[in-house]
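Using full-length UniProt numbering, the letters of the sequence shown correspond one by one to residues 1 to 520.
The C-beta atom is built at its ideal place from N, Cα and C for all residues, glycine as well.
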Amino acid sequence: MIHPSRQAYVEEAESAPGVALEDLPDDHGYDIPMASAGGTSEKASAILSQFSRKRLAATIAVPTDDGRVRARLREMGEPVTLFGEGPSERRDRLRELMTIQAEMSGLENGDITMEDAPDEEGAEEQDEEFYSRGGDELLQSRINMAHFSLPRARRRTAFQRAEATIPLRTQVKSRKNIKERLQAFELQGSQTVGERHISMARISPNGEMVAVGNWGGQVKLVEIPSLKEKMTYRGHTNKISGVSWFPGATLPERNVSPDSLNLASGGAEGLIQLWSLNQDTPLSTLQGHSQRVCRVEFHPSGRYLASASEDTSWRLWDVETTSELLLQEGHSRGVYAVSFNADGSLLASAGLDSIGRIWDLRSGRTVMILDGHLDGHIKPIHALDWGSDGHRVLTGSADGWIKCWDVRKVQRVGGIGAHNSAVSDMRWFKGLDDPLDGTPPGADEKGARVPIKSGSFFVSSGFDRNVKVFSADDWTLIQTLSGHTGPVASVDYSRDGRWIVSGGHDRTVKLWGRNDGEAL
């Protein structure tokens, strides 16, 4: 049956010469009924289909974390991000793709996690994140870290308030003087250490030794300034990636015995070894990672150790009981760096997914993601270090950039294109005026006011064969130290600012400083 209005139109068209019926335009002002009696219209069917898709989309669990969203898109073979797309738009796109995938697979695709459809009243309150219950040891460690970090945070803030009373002119004059001293740094010594590339170098707290790890699985102690080998540790079977000194080790005032734990190292075989200063075999071995251990870092208390691994996790260990307290996921690719803030309350992690995360160790929650829209790194992050102020952290990446993030502002607050190639390592100079040691800021032994030196400078190494010193005040280059004939893999400084040590693929450890040997 043809609609009357269309019948009249057809009759008129048939009477007109040269008009073909197939050329007649469709009239979309009405719907053609289905052949079956009582069938719904095409428009109604489309509306119902749209409602059905929305209901299906509401049952699909989509990650709320942007890193997991990116990882899921990568698994589906879709672009990780589109031009001008933010985290919320990226999540909506993933939901749409997962909905289409569910429709095509008849809602039987095992890769899709389904949930009961939320009712309208509780939809907004539904929490898509989940947490695994930790053990009693982890709970106690979180309590211990809270008791440890809160007094330190009070001392740090008191230090910063007192620091603010020092005249700006005095501080500017002091920092200008330190810049001039840093500009006078030059090569003071070079020594081949081992037969393979050097991957890590860390100076002891007293500034008299440097622990060196290489690709052959060797960890060596080298004296400063002679650069003579003092000891070779035996325990790793593959490339050394992480080395960390126990807090206060080698410092007379801390009374850390040479026979007790002084050093930790991580290797590509997945093991973490704990060392003393007088024994060339490990005191203990920590096992748990399934792939290469990329970094190890002691908690400021010395009781705990964090390790980053290519198995996409970082872990927290109790070095007294040698037990694993926490296996933390959250990165889509290998975790390459971890770093504790000075209070001991926060940990930063970053890695091959180009994303950094700040974790509150007292609650276990992520408090900040270092991946601001158009502000984050575009290549893997290799280095992390906190400033002495407790709320700023630096990240160094394979894209050649070093960027600064402020936890209080929850945003990036600075950065510099530091190297022409990948940034391999980075250390933020904290100086001897440690607010957590109880030293009154700006007071010397006689009570005279002196300027604060910590937190103003940082040193970095890169695959462009250079070591560089930068100002964290205005992000300017202070000094470039050239001498390595291959990529520089690691860099560190002594607490008094007297020495900078670097190690690289040319198998050498190089010592940089002033000709007069004076500290900053």
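For residue j and residue i, believed in contact at Cβ under 8 Å, the rounded distance
{"i": "alanine 398", "j": "lysine 468", "result": "With a Cβ gap of about 16 Å, alanine 398 and lysine 468 do not count as contacting."}
{"i": "arginine 357", "j": "serine 349", "result": "5 Å"}
{"i": "valine 335", "j": "tryptophan 314", "result": "5 Å"}
{"i": "valine 219", "j": "isoleucine 240", "result": "6 Å"}
{"i": "isoleucine 381", "j": "threonine 366", "result": "With 8 Å as the limit, isoleucine 381 and threonine 366 do not qualify as a contact, their Cβ atoms being about 16 Å apart."}
{"i": "tryptophan 275", "j": "tyrosine 304", "result": "Actually they do not touch by this definition, with Cβ atoms about 17 Å apart."}
{"i": "glycine 217", "j": "glycine 288", "result": "About 19 Å separates the two Cβ atoms, so there is no contact after all."}
{"i": "methionine 200", "j": "glycine 242", "result": "6 Å"}
{"i": "tryptophan 512", "j": "leucine 187", "result": "6 Å"}
{"i": "phenylalanine 185", "j": "arginine 514", "result": "6 Å"}
{"i": "isoleucine 369", "j": "serine 354", "result": "Rounded, the Cβ-Cβ distance is 11 Å, inconsistent with contact."}
{"i": "arginine 392", "j": "aspartate 371", "result": "About 17 Å separates the two Cβ atoms, so there is no contact after all."}
Enclosing beta strand (DSSP E) for residue i [first to last residue]
{"i": "aspartate 318", "result": "314-318"}
{"i": "valine 69", "result": "Here valine 69 belongs to no beta strand (DSSP E); instead the alpha helix (DSSP H) covers 66-75."}
{"i": "leucine 283", "result": "Unbroken run through leucine 283: none, as it is neither H nor E."}
{"i": "glutamine 191", "result": "186-192"}
{"i": "serine 174", "result": "It is not in any beta strand (DSSP E) - serine 174 instead sits in the alpha helix (DSSP H) that spans 168-182."}
{"i": "arginine 295", "result": "293-298"}
{"i": "phenylalanine 340", "result": "335-340"}
{"i": "threonine 480", "result": "477-482"}
First through last residue of the alpha helix (DSSP H) which encompasses residue i
{"i": "residue 584", "result": "A question about residue 584 goes unanswered here, because the residues of the chain that appear run from 1 up to 520."}
{"i": "serine 265", "result": "No alpha helix (DSSP H) contains serine 265, which is instead part of the beta strand (DSSP E) from 263-267."}
{"i": "serine 149", "result": "136-163"}
Environment of residue i [buried if 16+ CB atoms lie within 10 Å]
{"i": "methionine 76", "result": "exposed"}
{"i": "threonine 508", "result": "buried"}
{"i": "serine 290", "result": "exposed"}
{"i": "aspartate 506", "result": "buried"}
{"i": "proline 167", "result": "exposed"}
{"i": "glutamine 479", "result": "buried"}
{"i": "glutamate 518", "result": "exposed"}
{"i": "isoleucine 416", "result": "buried"}
{"i": "isoleucine 178", "result": "buried"}
{"i": "lysine 230", "result": "exposed"}
{"i": "asparagine 278", "result": "exposed"}
{"i": "glycine 213", "result": "buried"}
{"i": "methionine 114", "result": "Unreliable placement is indicated for methionine 114, whose pLDDT of 36 sits below 50; no coordinate value is reported for it."}
{"i": "isoleucine 203", "result": "buried"}
{"i": "aspartate 343", "result": "buried"}
{"i": "isoleucine 500", "result": "buried"}
{"i": "leucine 352", "result": "buried"}
{"i": "leucine 477", "result": "exposed"}
{"i": "arginine 91", "result": "buried"}
{"i": "threonine 192", "result": "exposed"}
{"i": "glutamate 297", "result": "buried"}
{"i": "isoleucine 402", "result": "buried"}
{"i": "asparagine 420", "result": "exposed"}
Those residues which DSSP pairs with residue i across a bridge
{"i": "leucine 394", "result": "Asp385, Cys404"}
{"i": "arginine 412", "result": "Trp405"}
{"i": "glutamine 328", "result": "Trp314"}
{"i": "methionine 200", "result": "Gly213"}
{"i": "tryptophan 359", "result": "Leu347, Thr366"}
{"i": "serine 490", "result": "Gly503"}
{"i": "phenylalanine 457", "result": "Ser471"}
{"i": "lysine 220", "result": "Val212, Thr232"}
{"i": "valine 509", "result": "Gln191, Gly503"}
{"i": "glycine 462", "result": "Val423"}
{"i": "alanine 308", "result": "Arg295, Trp314"}
{"i": "leucine 271", "result": "Gln287"}
{"i": "serine 323", "result": "Asp318"}
{"i": "glycine 242", "result": "Gly266"}
{"i": "glycine 417", "result": "Trp401"}
7 Å Cβ cutoff, residue i in contact with chain D
{"i": "asparagine 420", "result": "Looking at the structure shown, chain D is missing, and only one protein chain is on hand."}
| query | Touch check for the region 264-275 and the region 324-333: three-plus C-beta pairs under 8 Å? | reply | no
| request: Tell me, please, whether the region 367-385 touches the region 150-159 by the rule of three or more beta-carbon pairs shorter than 8 Å. | output: no
| Touching or not, the region 87-100 and the region 63-73, by the rule of three or more beta carbon pairs under 8 Å? | yes
| task | Report yes or no: do three or more beta-carbon pairs, one from the region 213-227 and one from the region 251-259, lie closer than 8 Å? | result | no
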